[in-house]
Amino acid sequence: MTTLRINGETHHVDAASDRTLADVLRNDLGLIGVRVSCGEGECGSCTILVDGKPSTSCMMLVNQGEEKDILTIEGLAKGDDLHPIQQAFVEEQGFQCAFCTPGFILSAKAFLAENPNPTAEETAVGMSGNICRCGAYPYIVRAVMRAAEMLRAPAD
Amino acid sequence: MGSDDKNFAVVGKGVKVKDAHEKVTGGIKYGVDMAVQNMAYGKILRSPHAHARIRSIDVSKAAALPGVYAVLTHEEAPDLDWEAAWFNYRGKVLDGIGRFVGDDLAAVAAKSEEIAQRAVELIEVEYEILPHVLDMEEARKPDAPQIRVEGNERDPYVVAWGDVAEGEAEAEVIVDCDIFYESQQYAPLGRNAAIAEWMGDRVTLWTSSQTPSELRDGIHEALGIPLSKIRVMALPCGSSFGQWWSNNFMLITVLLARKAGRPVKIELTNEECMATVKRRHLEHTRGRMGCTKDGRLTFARFDHLIDNGGYGFKDDVGFFCVDMWGKASHGHYAVHGINTNLLTAGCMRGVGDCTLGASVEQVADQLAEKVGLDPIEFRLKNQITGGDDLRMQHSKHNMKGSMKEYIAGIREDLRADWPELFKLSSGGTADILKMGAERFRWSERWAGWGKPNWSEGPRRRAVGVGTGAHVCGVEFEGSTSAVVRINPDGSLKVHCSVGRQGQGSETTQCQVAAEEMGVPLDMVEIETGDTDSCPWSHGSLASNTMYRVGWATRAATQDARRQLLEIAAREHFEVTDPNELDITGGLVHPKGQPDSNSRLSISDVLNIIRSDTLGQTSSITGRPAVPMPPSTTFARQFGAQFVEVEVDVETGQIKLLDYVAAQDSGTVMNPQVLKNQVIGGAICGAGFAIYEHLVFDDQTGAIKNANLLDYKLLRAADFPWNAEVLFHEDYDPVGPFGARGAGESPIAAGISAIHQAVYNATGVWVPLPMTPERVARALGQIQSDAA
Chain A
7 MTTLRINGET
17 HHVDAASDRT
27 LADVLRNDLG
37 LIGVRVSCGE
47 GECGSCTILV
57 DGKPSTSCMM
67 LVNQGEEKDI
77 LTIEGLAKGD
87 DLHPIQQAFV
97 EEQGFQCAFC
107 TPGFILSAKA
117 FLAENPNPTA
127 EETAVGMSGN
137 ICRCGAYPYI
147 VRAVMRAAEM
157 LRAPAD
Chain B
328 MGSDDKNFAV
338 VGKGVKVKDA
348 HEKVTGGIKY
358 GVDMAVQNMA
368 YGKILRSPHA
378 HARIRSIDVS
388 KAAALPGVYA
398 VLTHEEAPDL
408 DWEAAWFNYR
418 GKVLDGIGRF
428 VGDDLAAVAA
438 KSEEIAQRAV
448 ELIEVEYEIL
458 PHVLDMEEAR
468 KPDAPQIRVE
478 GNERDPYVVA
488 WGDVAEGEAE
498 AEVIVDCDIF
508 YESQQYAPLG
518 RNAAIAEWMG
528 DRVTLWTSSQ
538 TPSELRDGIH
548 EALGIPLSKI
558 RVMALPCGSS
568 FGQWWSNNFM
578 LITVLLARKA
588 GRPVKIELTN
598 EECMATVKRR
608 HLEHTRGRMG
618 CTKDGRLTFA
628 RFDHLIDNGG
638 YGFKDDVGFF
648 CVDMWGKASH
658 GHYAVHGINT
668 NLLTAGCMRG
678 VGDCTLGASV
688 EQVADQLAEK
698 VGLDPIEFRL
708 KNQITGGDDL
718 RMQHSKHNMK
728 GSMKEYIAGI
738 REDLRADWPE
748 LFKLSSGGTA
758 DILKMGAERF
768 RWSERWAGWG
778 KPNWSEGPRR
788 RAVGVGTGAH
798 VCGVEFEGST
808 SAVVRINPDG
818 SLKVHCSVGR
828 QGQGSETTQC
838 QVAAEEMGVP
848 LDMVEIETGD
858 TDSCPWSHGS
868 LASNTMYRVG
878 WATRAATQDA
888 RRQLLEIAAR
898 EHFEVTDPNE
908 LDITGGLVHP
918 KGQPDSNSRL
928 SISDVLNIIR
938 SDTLGQTSSI
948 TGRPAVPMPP
958 STTFARQFGA
968 QFVEVEVDVE
978 TGQIKLLDYV
988 AAQDSGTVMN
998 PQVLKNQVIG
1008 GAICGAGFAI
1018 YEHLVFDDQT
1028 GAIKNANLLD
1038 YKLLRAADFP
1048 WNAEVLFHED
1058 YDPVGPFGAR
1068 GAGESPIAAG
1078 ISAIHQAVYN
1088 ATGVWVPLPM
1098 TPERVARALG
1108 QIQSDAA
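Okay, structure coming up:
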């Protein structure tokens, strides 16, 4: 049994130790927003946050998620209320097919936590761990810049 | 058809795409996410040889493995050929011959993927190794190994006008070319899976596809079962660009599920997606163009080879560059499709216009330099504008006879509203070249041919401009249709068979229907994947979606609206002519009086027919009343793009510094959707220009970089984040509310702009893709040439 804390909930999963965390998240827990593409940590589609750090879950074994706080795209919105980064991606249309979008949004969350007031150039470099084959990059950069602004604004 | 009324309620509005929420929350389901109960998992046995026949196959060990449900070999596969759209595949599902390393030979269905894979490895095959050929020129020779029963080479597809010899005599300057293009891979991030489930003798297939109708046709051809027994449910594609149409692994899934007696899912790995499905052609252009001293093209003669790999059967690539540069007085373009023992090649975004088009652009640039014109002036002199002749007038496959005969066969009354055929109906490059040049400050930044505008140490900067054109959909394989249903509550459902590629067409089609009906956008929803409810369409290919499918969606909406207003006139308004009525914001009212007290909602109008005594139906169904005019004979899209690059002449590295993309796709249905299309095209073009190419083993043809680590794609920092998109909206007489196609001209324009800019920075035309190594080699920084 592996105990995983995902999106604030604790799950006990019975998964063979040679399985990847991405596989277990997708296939045992139904978290299909964890997208798997290259399977070798190159494209960033399977990015999740592990204790706040962006991690390619296709390169992690399931037990590497133990005792960690895991955030997947499914845990980002509060009910129907999108997280500001999600909202910014909608407004700037920072996607086309959107297969890469969960990975980009979670990478952006970690990036903005480290650098809440980035330049566009820093943002473009910060988003370069993920691949968007549709080429929405300029709108992804604009979405992350807009999200940074929204997150910096004082809460009501 | 239609008016050119620009006071649109929904058209042209940058509304958020309808599926935005599911896209940012991870809820959208692609092929790989689909599952049905009790499904088995399939794996495919692949050819280890470039060309080999199965002499014998023993599946007994595989079948005996616990957990295996079925093993499918060519011995039980139907002896029937099937075809994908535009001859992207022609052959049997399995026929016991491997035509490239990685080709499909057999398949296993089992309880898990792991068991299926182990069983595949237990299949014992004795191969008869056949001679193979990897090179197009070799494959053309009469004694070459034959890959297909039809022979290795198709008859050339020729577009010709005037007399080239005369044009050569008139020319004062001539430039020749001999250019080879590497093969780009679709590199689909979302991979794909197919799930087939049989109920008796009926089958349902779920998979990511841009062409649900053609996929259903393919199953019909491959299995020989009636279309009525086949339902395709196309799921969203995780990027496609031409890859996911109808692919052989989908048909294997259908056959395997029938044999296993239970649903089967085959999910492709990233490597399978890149090495076993298809790719862009390897291409080779030889040709020449000539012009007068004042820069007027007198002739163009090009001979272009495309390799189809094992199963492609194309005789052309949609080279609409011919039309864009069609002002040349004389022309002769021939394209030759040739099979080789390489991975099947097919249509990838901007097919032909990224390659043959890039050759024409390069030769045109070289001519411009020789006659002392800047690239914009040269294009303004020689590129097409509305009303000019189109050069591509030949018959196409699946059409009976020539294009002219096809047109003559359509009843006069059904083509009343057609524009003049074989003339460009609208658009061109002149306006976008001018507006882009102004925005880019071209005249200030252009330093002359082969001259950088800035240099420091080994770094050189220069600007470049490129143009691209493409068709706006094709009519060769059937008439595109759509159905629009008005539900009893006044909401609308559009049914059109275009799949979901991700470009936002679900939203733009709904915008078309909402505008035409006069209802708010949130009253309109759409089904694009279910062939049981969507009428036949070419799908989302050849830049078809906005133009041809959008036309059909509008025509179907007009038909539904007409029926609605007839009921309203008769039953509610007591007017004889339904044209005296209008719909605004979902309310029916006397024309010109949207606030009239007599106005009533669509659901109130429909209430009258929701009674067994009064009507034949409880909802209204609209469909196009006439066929769509053949758009290849008059409609084109155009892009002009401007870039500044920095080249490090020591390391060969290229940086893209600044970008302006000007686009003429007619009326802009949704600016943000179109911007994404244009920039996405430019970035895919930039990948083709500076990074992307498959590496084939020179002995076996096996692909050596079928993964995203070794096949390099652009990242966010590799393209200017502040790239600008400008629109010139030359209203089209046929497209919905004046809109045309969009997705493929931008990639072609981008490639040529970057190529030219690198020439201007370095003084050398570097072969594409201009990887650092190739740039350094071309500039003499790498002396040895071992490779």
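Chains as they are written, first to last, in my numbering: chain A, 7 to 162; chain B, 328 to 1114. A virtual CB, placed ideally from N, CA and C, is assigned to each residue, including glycine. Model, not experiment: these values are computed from the prediction.
Per DSSP, B/VAL500 is one residue of the beta strand (DSSP E) stretching across 500-508. Residues of chain A whose Cβ lies closer than 9 Å to the Cβ of B/VAL1085 do not exist; the shortest such Cβ separation is about 20 Å.
The beta-carbon of B/ALA1050 is placed less than 8 Å from the nearest beta-carbon of chain A. By the Cβ neighbour-count rule, B/GLY341 is exposed, with fewer than 16 other Cβ atoms within 10 Å of its own. Within chain B, the residues placing a beta-carbon under 8 Å from that of A/SER43 are LEU516, GLY517, ARG518, GLY565, ASN597, LEU1035, ordered along the chain.
Looking at the DSSP output, B/ARG373 shares a beta bridge with B/ASP431. For B/PRO951, the secondary structure class from DSSP, reduced to helix, strand or coil, is coil.
Here B/VAL792 is buried. Its C-beta has 16 or more other C-beta atoms within 10 Å.
Between the beta-carbon of A/PRO60 and that of A/ALA94 there is about 18 Å, and that puts the pair past the 8 Å contact cut.
In chain order, THR978, GLY979, ILE1109 place their CB closer than 7 Å to the CB of B/ALA1103, counting only its own chain and leaving out the 5 sequence neighbours on each side. Rounded to the nearest angstrom, the Cβ distance from B/SER535 to B/PRO563 is 6 Å, consistent with a contact under 8 Å.
Using a CB distance cut-off of 8 Å, A/GLY39 counts as an interface residue toward chain B.
About 6 Å separates the CB atoms of B/PRO1096 and B/GLU509; that is less than 8 Å, so the two are in contact. Listed by position along chain B, the residues whose Cβ is nearer than 8 Å to that of A/THR107 are LYS350, VAL351, GLY353. Cβ contact annotation for B/LEU595 (same chain, cutoff 8 Å, sequence separation greater than five): ARG518, ASN519, ALA520, PHE576, THR603, VAL604, in chain order.
Just so you know, the alpha carbons of A/CYS140 and B/ARG897 end up roughly 50 Å apart. With fewer than 16 other beta carbons inside 10 angstroms of its own, B/LEU407 counts as exposed. In summary, B/PRO1073 is buried, with 16 or more beta-carbon neighbours lying within 10 Å of its beta-carbon over all protein chains present. In terms of beta-carbon proximity, A/GLY85 stays away from the interface with chain B, with every pair separated by 8 Å or more. Separation of A/THR107 and B/ASP360 (C-alpha to C-alpha, rounded to the nearest whole angstrom) is 15 Å. The beta carbons of B/GLU1071 and B/ASP462 sit no closer together than 8 Å.
Under the criterion of beta carbons closer than 8 Å, B/GLN968 and B/ALA1009 qualify as touching, at roughly 6 Å. Nearest CB-CB separation between B/LEU1040 and chain A: below the 8 Å threshold. Interface residue (Cβ-Cβ distance to chain A less than 8 Å): B/GLN830 is classified as such.
The beta carbon of A/CYS52 sits no closer than 8 Å to any beta carbon of chain B. The three-state reading of DSSP puts B/SER567 in coil, since its state is none of H, G, I, E or B. The C-beta of A/ARG152 comes no closer than 8 Å to any C-beta of chain B. Between the alpha carbons of B/GLY425 and B/ALA377 lies a distance of about 7 Å. The beta carbons of A/ILE137 and B/LEU1106 sit no closer together than 8 Å. When C-beta atoms of the segment 658-665 of chain B are compared with those of the segment 615-633 of chain B, three or more pairs fall below 8 Å, so the two segments count as touching.
Contact annotation for A/ILE76 against chain B: no contact, minimum CB-CB distance about 14 Å [criterion: below 7 Å].
Below the 9 Å Cβ cutoff, chain B contributes ARG1042, ALA1043, ALA1044, ASP1045 as neighbours of A/SER134, in chain order.
Listed along chain A, the residues sitting closer than 7 Å to B/TYR357 by beta-carbon distance are PHE105. The C-beta separation of B/PRO1060 from B/SER752 comes to about 6 Å, placing the pair in contact by the 8 Å criterion.
With contact defined as three or more Cβ pairs closer than 8 Å, the segment 522-535 of chain B and the segment 393-401 of chain B are not in contact. Close partners of A/PHE95 in chain B (Cβ separation under 9 Å): ALA347, LYS350, VAL351.
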